[in-house]
Structures are given as structure tokens and as C-alpha cells.
Amino acid sequence: MIQIERPRGTRDFLPDEMEKRRAIERIMRRTAESYGYREVTTPTFEHLNLFTIKSGENIVQEIYAFKDKSGRDLALRPELTAPVMRLFVNECAVMPRPLRFYYFANCFRYENPQKGRYREFWQFGVELIGSDSYLADLEVIVLAYNIMKNLNLDFTLNIGHVGLLRKLLEDVDEARYRKITRMIDKNDIEGLEEYLSSEGFEGYIDRIKDLIGLKGGMEVIEHSREIIPEFDFSHLRNLCEGLEKLEIEYNLDFSIVRGLDYYTGVVFEAFAKRGLGAQNQICGGGSYRLTHLFGGADVPSTGFALGFDRIAEICEMKADSAESILVAYTPGMELEALKISERLRGSGKIVLSDVMERNLKKQLSFANTIGAKYAVIVAENEFKEGKVILRDLEKGEQVLVDISEIRKYF
Ligand code: ATP
Ligand code: MG
Numbered sequence: 000m001i002q003i004e005r006p007r008g009t010r011d012f013l014p015d016e017m018e019k020r021r022a023i024e025r026i027m028r029r030t031a032e033s034y035g036y037r038e039v040t041t042p043t044f045e046h047l048n049l050f051t052i053k054s055g056e057n058i059v060q061e062i063y064a065f066k067d068k069s070g071r072d073l074a075l076r077p078e079l080t081a082p083v084m085r086l087f088v089n090e091c092a093v094m095p096r097p098l099r100f101y102y103f104a105n106c107f108r109y110e111n112p113q114k115g116r117y118r119e120f121w122q123f124g125v126e127l128i129g130s131d132s133y134l135a136d137l138e139v140i141v142l143a144y145n146i147m148k149n150l151n152l153d154f155t156l157n158i159g160h161v162g163l164l165r166k167l168l169e170d171v172d173e174a175r176y177r178k179i180t181r182m183i184d185k186n187d188i189e190g191l192e193e194y195l196s197s198e199g200f201e202g203y204i205d206r207i208k209d210l211i212g213l214k215g216g217m218e219v220i221e222h223s224r225e226i227i228p229e230f231d232f233s234h235l236r237n238l239c240e241g242l243e244k245l246e247i248e249y250n251l252d253f254s255i256v257r258g259l260d261y262y263t264g265v266v267f268e269a270f271a272k273r274g275l276g277a278q279n280q281i282c283g284g285g286s287y288r289l290t291h292l293f294g295g296a297d298v299p300s301t302g303f304a305l306g307f308d309r310i311a312e313i314c315e316m317k318a319d320s321a322e323s324i325l326v327a328y329t330p331g332m333e334l335e336a337l338k339i340s341e342r343l344r345g346s347g348k349i350v351l352s353d354v355m356e357r358n359l360k361k362q363l364s365f366a367n368t369i370g371a372k373y374a375v376i377v378a379e380n381e382f383k384e385g386k387v388i389l390r391d392l393e394k395g396e397q398v399l400v401d402i403s404e405i406r407k408y409f
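This is the structure we're talking about:
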């Protein structure tokens, strides 16, 4: 006999873990909904080119791509921003803007599995569609920040702007620009210097290193103005003023360039301060333009994706589970017990009864095993008088109660 294992990089979730994950998910949903975001769902697989058009080399190598029986090139989604933008172009292009969408879904990437890095993982994210104002960036960043705060996470929020590097590297072609930003994204400074020298871009080394070395509050804007005087900092300055007004803690950091190629303006990432080791990035987002690539008009958007699994790993949320009642019975009373069980359900409690045809003693011992708080015992003699026994399993006390009154006890 062969034992069938899970595919590499995937996980099973047992009930305790699922309860915790659902509790986290509920907080994410409620927070997003309180800002007027509404849920959308897109297919698990899409046409491959949705992701190859603009997602960047990184993700293309990681894609689970396949041909269906008709020879179509399809892919399991590696992320949801491109699918949600496709949905917007297909279904919502004429709806009043801005549109506020959120999603919670699994994603698939052919990565090297390790702690915090899986081949199937979940993202919770939002897209705010239709505005390129600093106010849109502000809203989305504040929302990401508040979701993480509501989960009591300890994190740092770093904000950059890809426009600075684009301006600085104005004369560099797209392919080389991507190579450079990829190395910055991976913090490979040595590789970056080597590459710039080999391509005859030595002249950029100092300015790039100065720029990506700048970190801190609003004062960083002044320093970067010295490096790139021709860049218009007003959007970034307005955003920072907004963040300060709303008392959001952040750092400006121009080494934040994001792995995906579709970002056009403000970009941001959040990192957990502890518990995740190298895979500590728990949120990534920014403003981007994708719709014109999918056959729509050019519509600006801002969004983020939270790494749900990494957050679940460090979040100390305790899912509160409901108390349970075991309805036990003496021989021959099982259907009466089921009838009483049905009446008890709906009280907010969990109601179980035996399906193993066990004797009363074993039923009650199972009640202890599962940590039930009460047992309702349907015994033939008492039942004939219209009564059942209600036992508090924690206190070890019991009373005889009228069946017609039993619901009042819960
Ligand atoms: P990383 O640099 O860690 O690979 P990324 O830049 O590829 O992250 P995004 O595409 O921005 O990540 O996805 C948003 C979030 O989803 C990340 O911040 C991370 O928390 C989470 N994430 C990304 N890839 C994985 C994965 N393979 N397993 C678990 N979580 C992931
Ligand atoms: Mg990645």
C-alpha cells in the first residue's frame, strides 16, 4: 500500500487552526467593510497571459501554468490584483467610481517551500479603483495599517515611491530598469554595483545607493530632493502629512520597489518585527495602472495584499469556541434524544449526541473527552414523566428538569 502525501508546499488545516484562521479573517473582513470595501471573487484559474502581461519575470517563473484539454494556456492565480482588474474591465467599467473591492482567496506559486513560504497560500487584499489622488493612497495605507493593528501585530510600515527611481533611471531601458529594481527589491547591493558597472552605468551607483539608503520620516523628502531635484514630491509630501495627521507610524524607504512590475507610484510594505525570520514581509501594496493592458481605459488604482498565512503564524488570536452539550440516552431512547437535540440547537451552543451506539457510561466519558460543559441525559423512566437529567459536567451537579422547560437552561 502506498501512502498518499500532500503535494509539496501545501498544508492541511485541522479544526483548531481553522478556527483561529477564521477569527483572523473575520477581523480583516470587518475592518475592510467598515471602510466601505465589498467582497469580490474571481476564478481560481485564468488565462496565462493575464499574469504574463505585466507581472514581471519573478512571478512568471513561479506560475503554475498548464494547458486544458482544448489546448488553452491557463494558470492558477499567483495573486489577485490582475484578476480583480480584469473583473473591473469586464464587468464594472461603467460603474460609478471609486470602486472599493476586497478579496480573500488562495494563490499558487511554484516557490521553494520553507517557513512562511508555500506553494498554496492565502491573501487578503483590497483594490481602490479610479483615483490617483494622494487621498486614495492614504486610505489604502491606513486600512492596511488598521487591519494589522486590529490583529495586535507588531510591525513596521515602510513607504516608497517607484517614481523616484524611474526618474533617476530615465535614460535606462525597461529591461535594464527591471533588472536594477529586482536587485534593489532583493537587497542585492553587491550584485547591483557589479551590474551597473558592467552595463556602463557606473555614474548611477552613488545616486542609487544614496537614494535607497535614505530612511526615516518626512525629512527624508528634503534629502531625496537633493539627489533627484527634478522629481515632483508633492504627492508624497501630501501623503506623509496625511499619515502624520492620522497618527500612522511609518518610515519612508526608497528601497521599496516591489517585485511586481505594474506599480507606478507610491509603494509600501509591512514587516513583522518578530516570529517569521527571513519571510517577515506580511503586506505589500501600492498604486498601479493595469486596466489599459486588459482592454479597458487607463484607470489608476491602489491596493495591497496581506500574507494571510504569515499573519496567522504570528497572530496570537484565540478563537472563542462555543460551549457544547452532549445529549446522552439510555438504550432505546436515541431518537427521543435526537429530537431534544434539535430543540436545543439554535441556542448558540453546540449540541452533539452519540452515533456509535455506545452505552450511557461511554457516552458520558466521551462528553468529558471533548470537553462538553453539560450533558442532557434522556433516560427511559424520567422521560415517561416528561423529564430529563441536566448535568453540569464541570461542577458535577445535576438536576431533573421538565422537557418542555429545557431550552430555558441554555
Ligand atoms: P516575498 O518577497 O516574500 O516573496 P512577494 O513580494 O512575492 O513576497 P507579494 O506578491 O507582494 O509578495 O504578496 C503579498 C504578500 O503575500 C507578501 O507580503 C507575503 O506576506 C505573502 N506571500 C507571498 N508569497 C507567499 C508564499 N509563497 N507563501 C506565503 N505567503 C506569501
Ligand atoms: Mg515572492
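Going by numbering that gives the first Met the number 0, the sequence shown wraps up at 409, each residue one higher than the last.
Ideal placement from N, C-alpha and C gives every residue a C-beta, glycine not left out.
Bear in mind the structure is a predicted one, so any value in this text is a computation, not a measurement.
No Cβ-Cβ contact shorter than 8 Å links residue 195 with residue 180. Under the 10 Å beta carbon count, residue 174 is surrounded by fewer than 16 other beta carbons and is classified as exposed. One thing to note: residue 409 has its Cβ within 8 Å of the Cβ of residue 348. Short of 8 Å from the beta carbon of residue 59, and not among the five residues preceding or following it, lie these beta carbons of its own chain, in chain order: 50, 51. Within the segment 31-116, the complete beta strand (DSSP E) segments at least 3 residues long are 44-46, 64-66, 72-75, 98-107, listed from N- to C-terminus.
A straight-line Cα-Cα distance of about 39 Å links residue 154 and residue 372. Taking C-beta separations shorter than 8 Å and ignoring five residues to either side along the sequence, the partners of residue 66 in its chain run 72, 73, following chain order.
Apart from the 5 residues on each side of it in sequence, residue 38 sits with its Cβ closer than 6 Å to the Cβ of 101 in its chain, given in chain order. Of the candidates 150, 159, 75, the residue whose Cα lies closest to the Cα of residue 283 is 159. Its chain contains 297 as the residues whose beta carbon lies nearer than 6 Å to that of residue 291, once the 5 sequence neighbours on both sides are disregarded; these appear in chain order. In this structure, DSSP gives residue 320 a state outside helix and strand, which the three-state scheme calls coil. Under DSSP, residue 280 forms a beta bridge with 270. Taking C-beta atoms as the reference points, residue 36 and residue 125 count as a pair closer than 8 Å.
In terms of CA proximity to residue 168, 230 leads the group 189, 230, 221.
Rounded to whole angstroms, the Cβ separation of residue 289 and residue 81 is 6 Å, and the two are in contact under 8 Å.
A Cβ-Cβ distance of about 6 Å is found for the pair residue 127 and residue 97, placing them in contact under the 8 Å criterion. By the Cβ rule, the segment 111-119 does not count as touching the segment 132-147, because fewer than three pairs are nearer than 8 Å.
Residue nearest to residue 178 within the set 56, 78, 87 is 56 (criterion: CA-CA distance).
With contacts defined as CB atoms closer than 8 Å, residue 381 and residue 375 fail to qualify as a contacting pair. Ligand 2 approaches residue 258 closely enough that one of its heavy atoms is under 7 Å from the residue's Cβ.
Across the set 401, 252, 307, the C-alpha of 252 shows the shortest separation from the C-alpha of residue 223. According to the DSSP assignment, residue 304 belongs to the beta strand (DSSP E) that extends over 299-306.
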